[in-house]
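These protein sequence lines are chains V and X, in that order.
Heads up, the first sequence is in the working numbering, so the first residue is -13 and it goes up one at a time.
Heads up, the second sequence is in the working numbering, so the first residue is 558 and it goes up one at a time.
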Amino acid sequence: MATLIHRFDHYLERLRADQLKKMARVWGGSNKLRKDENLALIQRGLDDPVEVRAAITRLSDLECTALALLKQLGGECNSSALAMALRASGCVPPAKNRYRADNSAVIQDLVDRGLLLSGYAYDPGSLGSSYSSYMSPLVFTDDRLLAHVTWSPEVKPLRLKPLSPPPATLERRPSAAALDVIGVLQGIDSLDGIGLTQKGTLRVSDVRKLNLALGWDKRAPTVNGLVFPEPATAFAYALFHSGLSKIRDDHVLVLTTAPEHFASLSYGEQVQSLLYGFTHATEWTEWGEEYRMGYNTSNLSMARMVLLMLLTALPEAGESFFSIEALDAAFFERVGEYFSLYSYSSPQPPYWYGKTPAEQERMMQEWRQKLRAQWLIQETPWLKAALMTWLYYLGIVALGMDNGTPVSFRLTELGRSVLQGAHMSTGRAGDEVQTAWIVQPNLEILVYLEHVTPEQLVFLEQHATRVGAQQHTAQYRLSQETVYAALEKGSTLERMLATLQTGSGAPLPQNVTVELREWAARRERMTLYQGARLLEFTDAAHRDAALEAGLRGAPVGEQFVLLASAVPDPAAHPRGVNYAKPLSRCLTVTEDGMVTLLRPDVDLVIEGELDLWAERRDATTWQLTSDSVCAALRAGARIEEALNWLEARFTGLLLPPFLRAALLAWAGAVTQTHLAEVVVLQCGQREVFDAIVGSPTLRSLLCGVLAPDLVLVNPAAVETLRAHLVWAGFDVADELKVKRR
Amino acid sequence: MLMLELDKYILHENLPLLEVANPQELDVFLADARTARFIRRRLSPHVAVLAPGQDAALLARLRKLGHTPKVLER
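Structure below.
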């Protein structure tokens, strides 16, 4: 995903005069021009497609490869990663001085040529420290240059010797890989995404659910006997980095493409996007969680990119295999001196100041041997794991096995198509449909993965449920639910029957045809209109006259016409009801639940709504009762629906609060009240009141304070209390002073 | 062009409706409180007006009962 703006204009003014001087040369500039003149020259050149094409003709193979790589990567890349990819391509010439030939030097040359800039805001002409990939900035090129890049990166072929056929081979058909990937997408879709923790890692519970949904019971399930550690995690991140999923605002990883749409792509397109995602999914490693300690995450992405470059560089050798050991040696030969999975910085060559050329040569040889020994311990296991996991799983490589251990490999037809641009004989969109399955009388479809085309796979995924998949076959089942879902999404019975038959190469079992026809017919017997247009006439005569006059629609009942198309002169409708908008307020409601309908013909739903919640009393009056409300609740309605409906249709400002409380109580809200006959003492004089309730003698005659001037009196002690109050000279009235609201 | 007398009709728009081929099915729905609560008015043996905004809930109910209605969007 791009993080920088891919236009040099924003950055050129921050460059120094000497930097601009170098960059202007590709546009015909010279040392004699001033800074502002070089700046204008570069900007004019970039803006002129003719100038851009001319500049491109003056580029070296390395520069062309760099631009082609950046185009594949979306226009920007980590500078060390780009340097490594260029080394892997074989385009970087051997260094005369190893000390100066670090990764940043390769890229700095491209920056100096005006083809790249760095993401350093303060100095886009600089790359910073050369030895640390951790510190290396992003580099990017201008989209106006990339628009004219029409070639693939040039990769010098590896000199690997083809081997004789291995004792056994493992290969995944493109259709098998596609089926599994579609299954992953469907699994994530059915779970409505995978949650992320505060730290941005996948929620363990959601990963577990995805594993279960996909039948991956263990943390490291096997695919054709090869271990694939944490596949749910691998795919989740690969999909994210490929843009096929995104993080929603609520920290859930969700798909950006529907599984059906992904299934409609060719095998090559499907795998291409995922390859990019796996390359950048550094949150997952090929050899499992337990071996994660110590390696450099960003170098993992680099290593995968280099491996893809090397696979692209495999010589053309038909179906021959190559030794994994030889690939590993080639990997080391191209990048071993500049790269380590476990180090933030490139390997440092020995310090040879003051040594003779012969001594320097000997020191370099010893250094390379040491690097190679470390490589065999650190990088070689990773390479083997990469071949056995995502590259095998995606159907890019086939493996040659010896006693259960992979010892050789080759690119599959799909791998050659994706990495080398070779023609693929099967699996392209538009391939001729062929016999690919058997439809059985029990409605199961046995699919032969070798023969099925992407379009046929999409058809199956849309019309049936996948119940199993193995290396060469898959099983689907037709059901009323799947057929109904397909018809609802626009499929037709005729298409279904024709496609099933064509893919079968034989007439379908009779009962299957009968069943499909019956399911399709059942759907036609009931129609739910989400937003129909209905004309209601004053009487049948006017309705019939309108139909006679040419109104297009179906008569319904005596007064209605269900319109087939737009109403003539739609602007002139003095009377209409739009049920997608708030409906008219037409009810009065009293505290005791009496509801009066002010306008009986206001719309077609009001009386039905009233009948649902209340008991009809006469033509225009209903009453909400405990029985009527509870009946609606038992039918599955919720009390909130009643409250919302009343508030929406009520002509007053506020629903009577007492009625609201009654509705909630009928719905089961606990509403406790207490009603009893009591004796209270009231005294409006605060000091006297406090003296009474605080009196040790009188306290025992009282039950509790109800208000600042009101205390509850023990009924048995009323006369005793009265006697005390009279003794104290208080007036004792028999009535309370009450303020009316 | 068809001209209608403006005072002789009312236009109901975005109205959710259920149409059945067999009127007995609508009878059954109206007799079942859990389904009837979504139905507001029967216009004919075959057609009923539904509660606005609840067509999805009714669809779920119909699917639960084993029906597979064709759904026509707005």
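Glycine included, C-beta positions come from ideal geometry on N, C-alpha and C.
{"query": "Neighbouring residues, chain X, relative to V:Gly622 (Cβ below 7 Å)", "result": "Arg591 and Arg594"}
{"query": "Start and end residues, alpha helix (DSSP H) containing V:Asp578", "result": "That residue, V:Asp578, is in no alpha helix (DSSP H); it is neither H nor E in DSSP."}
{"query": "Members of the stretch 470 to 495 of chain V near chain X, C-beta cut-off 7 Å", "result": "Tyr470 and Glu474"}
{"query": "Simplified DSSP assignment, three categories, for V:Gln208", "result": "The sequence as given places Thr at residue 208 of chain V; Gln does not occur at that position. DSSP places V:Thr208 in strand when its eight states are reduced to three."}
{"query": "Minimum C-alpha distance to V:Val444 - residue among V:Ala655, V:Ser465 and V:Ala472", "result": "V:Ala472"}
{"query": "Contiguous beta strand (DSSP E) assignments of at least 3 residues, all confined to the stretch 205 to 264 of chain V", "result": "231 to 233 and 238 to 241"}
{"query": "Within-8 Å CB hit, X:Leu622 to chain V", "result": "no"}
{"query": "Host alpha helix (DSSP H) of V:Pro643 (start-end)", "result": "Pro643 to Trp652"}
{"query": "X:Pro573: contacting residues in chain V (beta-carbon distance under 8 Å)", "result": "Leu514, Tyr515, Gln516, Gly517, Ala518 and Tyr565"}
{"query": "Separation of V:Arg571 from V:Asp235, as counted between CA atoms", "result": "38 Å"}
{"query": "Minimum Cβ-Cβ distance from V:Glu522 to chain X less than 8 Å", "result": "yes"}
{"query": "Alpha carbon of V:Trp713 to alpha carbon of V:Ser614, nearest angstrom", "result": "59 Å"}
{"query": "Given V:Leu432 as reference, the closest of V:Thr439, V:Val438 and V:Ile424 once Cα atoms are compared", "result": "V:Ile424"}
{"query": "Exposure of V:Gln456, with buried meaning 16 or more beta-carbon neighbours within 10 Å", "result": "exposed"}
{"query": "Close beta carbons around V:Thr242, own chain, < 7 Å, minus the five adjacent residues each side", "result": "Gly229, Leu230, Ser231 and Lys232"}
{"query": "Contacting positions in the stretch 244 to 265 of chain V - beta carbon closer than 9 Å to chain X", "result": "none"}
{"query": "Cβ shell of V:Leu486 (< 7 Å), same chain only, five flanking positions each side left out", "result": "Val425 and Leu494"}
{"query": "Limits of the unbroken alpha helix (DSSP H) element including V:His710", "result": "Val704 to Trp713"}
{"query": "Cβ-based contacts, 9 Å cut-off: residues of the stretch 593 to 626 of chain V near chain X", "result": "Glu593, Gly594, Glu595, Asp597, Leu598, Ala617, Ala618, Arg620, Ala621, Gly622 and Ala623"}
{"query": "Short CB-CB distance (under 8 Å) between V:Gln448 and chain X", "result": "no"}
{"query": "Touch test, the stretch 62 to 70 of chain V against the stretch 28 to 43 of chain V, Cβ-Cβ under 8 Å, three pairs minimum", "result": "no"}
{"query": "is_contact[V:Glu510, chain X] using C-beta, thresh 8 Å", "result": "yes"}
{"query": "Beta bridge counterpart(s) of V:Trp631 as assigned by DSSP", "result": "Answer is none; V:Trp631 lacks a bridge partner."}
{"query": "Proximity of V:Val257 and V:Gly381 at Cβ, strictly below 8 Å", "result": "yes"}
{"query": "Limits of the unbroken alpha helix (DSSP H) element including V:Glu352", "result": "Pro343 to Met374"}
{"query": "Contiguous beta strand (DSSP E) assignments of at least 3 residues, all confined to the stretch 25 to 75 of chain V", "result": "62 to 64"}
{"query": "Coil, strand or helix - X:Lys627 by DSSP", "result": "strand"}
{"query": "Inter-residue spacing [alpha-carbon to alpha-carbon] between V:Ile93 and V:Leu68", "result": "8 Å"}
{"query": "Beta carbon proximity, V:Arg561 to chain X, threshold 8 Å", "result": "yes"}
{"query": "Partners in chain X for V:Gly76, counting only beta-carbon separations shorter than 7 Å", "result": "Residues of chain X passing the Cβ test: none, with the nearest at roughly 57 Å."}
{"query": "7 Å Cβ cut-off: residues of chain V touching X:Ala608", "result": "Val591"}
{"query": "Residues near V:Asn700 by beta carbon distance below 6 Å, same chain, minus five either side", "result": "Leu687 and Cys689"}
{"query": "CB contact check: V:Ser119 to chain X, cutoff 8 Å", "result": "Residue confidence is low: V:Ser119 scores 47 on pLDDT, short of 50, so the model does not pin down where it sits. No coordinate-derived value is stated."}
{"query": "Neighbour flag for X:Asp584 against chain V, beta carbons, 8 Å", "result": "no"}
{"query": "Outcome for V:Gln671 when other beta-carbon atoms lying within 10 angstroms are tallied against a minimum of 16", "result": "exposed"}
{"query": "X:Arg594 vs V:Glu593 beta-carbon contact at 8 Å", "result": "no"}
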